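For reference, the structure discussed in these notes is given below.
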Amino acid sequence: MFEHLLINGMLLAQLEATNCLPQYPTTVSGETICIESNQTDLDCADIGKSIIVIEVEGLESDPHKLDGDKDGVACENYGISDTEPNTKTESK
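Under this note's numbering, the first residue of the sequence shown is numbered 20, with each subsequent residue one higher.
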């Protein structure tokens, strides 16, 4: 059904063929990433980047529970730059 869905220039079928989870297709800066479906006990420190979480019909939307606030972006503490954790705090 979704074999023609484009995710950052890749067909969903291509992601599935490479054993990548289609729920985590890109970083927030647009870099295509591959979180393999056989990875277990994965957390944000293992990834080191902020990533986009998408819903794919028939699949669990966030199998690694990386998007705690369920806003569609996981590992926000790594910021937009994807280079280091975001440690900024807001002042009131």
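Note that CB positions come from ideal geometry on N, CA and C, so glycine has one too.
The model shown is predicted, which means the values in this text are computed figures rather than measured ones.
- Of the residues assessed, residue 93 falls on the buried side of the cut-off, its CB having 16 or more other CB atoms within 10 angstroms.
- Around residue 62, the same chain offers no residue with a beta carbon nearer than 6 Å, after the five sequence neighbours per side are excluded.
- Looking at the backbone, the Cα of residue 41 and that of residue 56 are separated by about 9 Å.
- If you look at residue 65, you'll find it in the alpha helix (DSSP H) that goes 63-66.
- Secondary structure at residue 55: strand, using DSSP grouped into helix, strand and coil.
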